[in-house]
Amino acid sequence: MTVRDALGEIWADLLGVAEIGAEADFFDLGGHSVTATRLTARVRQRFNVSLPVRAVFDHRTLSELADRIDSSPVLPPERRPQRAMSDIQRLQWFAETLSDGHSPYTIPLTLRIRGRLDTAALRRALRDVVARHEVLRTRFPERDGLPVPEVDPADRFVVGMVRGSADKIDGWLRTQARLPFRLGVELPIRATICRFAADDHVLSVVLHHIAGDGWSRPLLLDDLAALYAFHRGHGPAPAPPRQYTEVIPDDPGEADVRWWVDRLRGAPNRTTFGGVRPATLSDAGDSVDLPVEALSDRVRAAGATPYAVVMGALITLLSWAADETDVVVATSVAGRDNPDAESVIGCFINTVAIRVDVAGDPTARQVFEAVASSTVDALDHPGVSFDRIVRELGGERDPAYRPLCQVMLTMHNEPGPRPTLAELDAEWVEVDNGGAKCDVFVDLIDDGGPLRGQLTYRTQLYDKAFATDLATRLCALLDLMATEPNTRLSALRRRLEDSDA
-5 MTVRDALGEI WADLLGVAEI GAEADFFDLG GHSVTATRLT ARVRQRFNVS LPVRAVFDHR
55 TLSELADRID SSPVLPPERR PQRAMSDIQR LQWFAETLSD GHSPYTIPLT LRIRGRLDTA
115 ALRRALRDVV ARHEVLRTRF PERDGLPVPE VDPADRFVVG MVRGSADKID GWLRTQARLP
175 FRLGVELPIR ATICRFAADD HVLSVVLHHI AGDGWSRPLL LDDLAALYAF HRGHGPAPAP
235 PRQYTEVIPD DPGEADVRWW VDRLRGAPNR TTFGGVRPAT LSDAGDSVDL PVEALSDRVR
295 AAGATPYAVV MGALITLLSW AADETDVVVA TSVAGRDNPD AESVIGCFIN TVAIRVDVAG
355 DPTARQVFEA VASSTVDALD HPGVSFDRIV RELGGERDPA YRPLCQVMLT MHNEPGPRPT
415 LAELDAEWVE VDNGGAKCDV FVDLIDDGGP LRGQLTYRTQ LYDKAFATDL ATRLCALLDL
475 MATEPNTRLS ALRRRLEDSD A
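Numbering (our numbering), first residue to last: -5 to 495.
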């Protein structure tokens, strides 16, 4: 099989396209930065060559990228020693230890289940999920100021059962999602089945970020569905899963660490949307909807990826609010560069800093291009934890500010959870965990349908009226930049201010 044929198979699997011609364009077929990252990992596994993410953007067609791979040197054999804990987990542990009780690091997984639920089978399935994945039954007690992972026996996990009232369920679910974890003595997962009637239940599962991330949610739900069907006699038991400790990312090379230090040296350390600063920040937060659905078509027609367009608008608005042309905004990367990690429950996600300079009154299109370039560069150096970068940059930390980035944007391209349980109607329920990871956090979903999003904010700094106005202004600027990409920012600012008047 030729390199082009083998590469075509990888494209087909990642993009869900059956027939791929030699001149097919990866991004025209639905590719984006996340699938580009997954592609480079598959290329490394299949051809044993290192392919930077930027190469996918520079060689967009199948034949061009195949030629690029064919001319790349073969890597030496890789040795991966097994590790007990990842750098990202250590960061999550320290964040939870310092939390004021409003932890933003819980992940609610909530199902409304209608039909004749076999609660005994569901409880066995939940216990089996935890038994199968060691990361879900790992505690992190402190020794000499550092976390030490300890895996508990499978039978320690207990599924709660309560009776409830449907008209009070929203408050109960919020309470479940907002309860902090004591990671030294508790497992990083809890589950409770709430019964309304014989044919109406809610399942509340809450996972701590130290044991999972957004990618892990559908993996956990798929495992639960297979095990529930098995205990109901409707299918075989799923195959044993790969464990998180088998695929923990390697320590970053010093070259990557130095790249990030050079990239962020001299960047402003405080770029945010104002607010009266307390001596110490609280993680308490709230959210407002981002009215972005009606802009979906215009954003996608702006000549850049939706991520670059939205990030460009956010950076521009932040630049104006902070009176700063050098802007750093955080985003997240999946961290699953190893293809073997794609099916593993665990915490791989990492925060990266996107630095863009909007000096010189650029056009909206130039801002989009600067965002895209900065992001592609970051994706080629993804393995350095955010905390490591902050430590390497040095300087004193101020408890009134999150270090380096106070504003963050994430774009989810993967489909949301679509739960199934044998012979039942299972519906996904969104639950807010009541935490804020930074001053302002813009969370967007671009799964092929209309864009959807929320803006989460620190309630210690801002009120709902401010957050609603900020969300409205962001979408108004987003509309202007998407429809007038060749207009300079100064003109767009006047247009926005005129519309506010």
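Using N, Cα and C, we set each Cβ at its ideal position, and we do this for glycine too.
Rounded to the nearest angstrom, how far is the Cβ of Ala286 from that of Leu116, given a contact under 8 Å? In the sequence shown, the residue the question calls residue 286 occupies position 292. In the sequence shown, the residue the question calls residue 116 occupies position 122. According to the sequence as given, residue 286 is Val; it is not Ala. Actually they do not touch by this definition, with Cβ atoms about 36 Å apart.
Ends of the alpha helix (DSSP H) at Asp64? Position 70 of the sequence shown, counted from the start, is the residue given in the question as residue 64. Looking at the DSSP string, the run of the alpha helix (DSSP H) that includes Asp64 is 56 to 64.
Based on the DSSP output, what are the partners of Ser290 in its beta bridges? Within the sequence shown, residue 290 is the residue found at index 296, counting from 1. DSSP, once it has assigned bridges, lists no residue as partnering Ser290.
At 3 residues or longer, what runs of the beta strand (DSSP E) sit wholly inside the region 332 to 397? 344 to 351
Nearest by alpha-carbon distance to Trp166: which of Thr481, Leu449, Val425 is it? For the purposes of this step, residue 166 is taken as the residue at position 172 of the sequence shown. It is Val425 whose Cα lies nearest to the Cα of Trp166.
Over what stretch of residues does the beta strand (DSSP E) that includes His225 continue unbroken? Within the sequence shown, the letter at position 231 stands for residue 225. His225 -> not in any beta strand (DSSP E); alpha helix (DSSP H) instead, spanning 210 to 225.
Assuming Val322 and Ala261 form a contact by the criterion Cβ under 8 Å, report the distance between their Cβ atoms to the nearest whole angstrom. Sequence index remark: in the sequence shown, residue 322 carries index 328 (1-based). Sequence index remark: in the sequence shown, residue 261 carries index 267 (1-based). So it is a contact: roughly 5 Å between Cβ atoms.
Selected residue, minimal CA-CA separation from Asp371, among Val47, Ala459, Gln400, Asp437: Locating residue 371 in the sequence shown gives position 377, counting from the first residue. The shortest C-alpha separation from Asp371 is found at Val47.
Which residues bound the beta strand (DSSP E) around Gln448? As a working note, residue 448 is residue 454 in the sequence shown. Counting along the chain, the beta strand (DSSP E) containing Gln448 begins and ends at 446 to 452.
Sequence-distant residues of its chain with Cβ nearer than 7 Å to Asp207 (five each side left out): Taking the first residue of the sequence shown as position 1, residue 207 is located at position 213. Cys341, Phe342, Ile343.
Run through DSSP, which three-state label would Asp437 get? Mapped onto the sequence shown, residue 437 falls at position 443. Note: Asp437 maps to strand in three-state DSSP.
Ser493 - containing alpha helix (DSSP H), residue span: Translated into the one-based positions of the sequence shown, residue 493 becomes position 499. Where Ser493 is concerned, the enclosing alpha helix (DSSP H) stretches over 483 to 494.
Whole angstroms is fine: what's the gap from Ile82's alpha carbon to Asp492's? Taking the sequence shown and counting its residues from 1, the one referred to as residue 82 is at position 88. Taking the sequence shown and counting its residues from 1, the one referred to as residue 492 is at position 498. Roughly 45 Å between the two C-alpha positions.
Do you know whose CA, among Leu490, Asp(-1), Glu248, lies nearest Trp314's CA? Taking the sequence shown and counting its residues from 1, the one referred to as residue 314 is at position 320. Out of Leu490, Asp(-1), Glu248, Leu490 has the C-alpha closest to the C-alpha of Trp314.
Can you tell me whether Pro141 is buried or exposed? The criterion is at least 16 other CB atoms within 10 Å of its CB, across all chains shown. Within the sequence shown, numbered from 1, the residue matching residue 141 stands at position 147. Answer is buried; the Cβ neighbour count reaches 16.
Quick check on Glu478: does DSSP put it in helix, strand or coil? Along the sequence shown, one-based indexing puts residue 478 at 484. Three-state result, Glu478: coil.
With C-beta atoms as the reference, is Leu173 less than 7 Å away from Phe134? For the purposes of this step, residue 173 is taken as the residue at position 179 of the sequence shown. For the purposes of this step, residue 134 is taken as the residue at position 140 of the sequence shown. Contact flag unset, no.
Would you tell me roughly how many angstroms separate the C-alpha atoms of Ala298 and Phe362, rounded to the nearest one? Taking the sequence shown and counting its residues from 1, the one referred to as residue 298 is at position 304. Taking the sequence shown and counting its residues from 1, the one referred to as residue 362 is at position 368. Cα to Cα, Ala298 sits roughly 7 Å from Phe362.
Looking only at C-alpha atoms, which of Val434, Asp440, Phe190 sits nearest to Tyr395? Numbered from 1 along the sequence shown, position 401 holds the residue referred to as residue 395. Here the closest residue by C-alpha is Val434.
If you compare alpha carbons, which of Pro356, Thr104, His406 is closest to Leu438? On the sequence shown, position 444 is the one that residue 438 refers to. Looking at the Cα atoms, His406 is the closest of the given residues.
Using a threshold of 7 Å, state whether the C-beta atoms of Thr319 and Ile348 are closer than that. Working through the sequence shown from its first residue, we reach residue 319 at position 325. Working through the sequence shown from its first residue, we reach residue 348 at position 354. Cβ atoms of Thr319 and Ile348: not closer than 7 Å.
DSSP state of Asp112, grouped into three classes? The residue given as residue 112 occupies position 118 in the sequence shown. Three-state result, Asp112: coil.
Could you tell me which whole alpha helix (DSSP H) segments of length 4 or greater appear in the region 130 to 207? 163 to 172
So the candidates are Leu387, Arg259, Asp22; which of them puts its Cα closest to the Cα of Leu56? Here residue 56 corresponds to residue number 62 of the sequence shown, with the count starting at 1. With distances taken between Cα atoms, Leu56 lies closest to Asp22.
DSSP three-state label for Pro300, please. Residue 300 sits at position 306 when you count from the first residue of the sequence shown. Pro300 falls in the helix class under three-state DSSP.
Assign Arg488 to one of two classes, buried (16 or more other C-beta atoms within 10 Å of its C-beta) or exposed (fewer than that). Position 494 of the sequence shown, counted from the start, is the residue given in the question as residue 488. Arg488 should be labelled exposed.
Inter-residue spacing [alpha-carbon to alpha-carbon] between Ala420 and Ile101: Along the sequence shown, one-based indexing puts residue 420 at 426. Along the sequence shown, one-based indexing puts residue 101 at 107. So the alpha carbons of these two residues sit roughly 18 Å apart.
Going by DSSP, what residues sit across from Asp283 in a beta bridge? Within the sequence shown, residue 283 is the residue found at index 289, counting from 1. DSSP output for Asp283 lists Gln448 as bridge partner(s).
Which of the three DSSP states is assigned to Leu105 in this structure? Residue numbering aside, residue 105 sits at position 111 when the sequence shown is read from its first letter. Here Leu105 sits in strand by DSSP.
Using only the alpha-carbon positions, how far apart do Ser97 and Asp374 sit? Taking the first residue of the sequence shown as position 1, residue 97 is located at position 103. Taking the first residue of the sequence shown as position 1, residue 374 is located at position 380. Rounded to the nearest angstrom, the two C-alpha atoms are 30 Å apart.
State the beta-bridge partners of Trp422 as determined by DSSP. Locating residue 422 in the sequence shown gives position 428, counting from the first residue. DSSP lists Leu105 as partners of Trp422.
Same chain, Cβ closer than 6 Å to Met79, neighbours up to 5 away in sequence not counted: Position 85 of the sequence shown, counted from the start, is the residue given in the question as residue 79. Answer for Met79: Pro143, listed in chain order.
Can you look up Thr404 in the DSSP assignment and give me helix, strand or coil? To locate residue 404, count along the sequence shown from 1; it is residue 410. Reduced to three states, the DSSP call for Thr404 is strand.
Would you identify the three-state DSSP class for Leu415, choosing helix, strand or coil? To locate residue 415, count along the sequence shown from 1; it is residue 421. Three-state result, Leu415: strand.
Beta-ladder partner(s) of Asp19, from DSSP: Here residue 19 is taken as the residue at index 25 of the sequence shown, counted from 1. Paired residues: Thr55.
Could you check where the beta strand (DSSP E) with Val255 kicks off and where it finishes? Numbered from its first residue, the sequence shown carries residue 255 at position 261. Unbroken run through Val255 is the alpha helix (DSSP H), 248 to 258; no beta strand (DSSP E).
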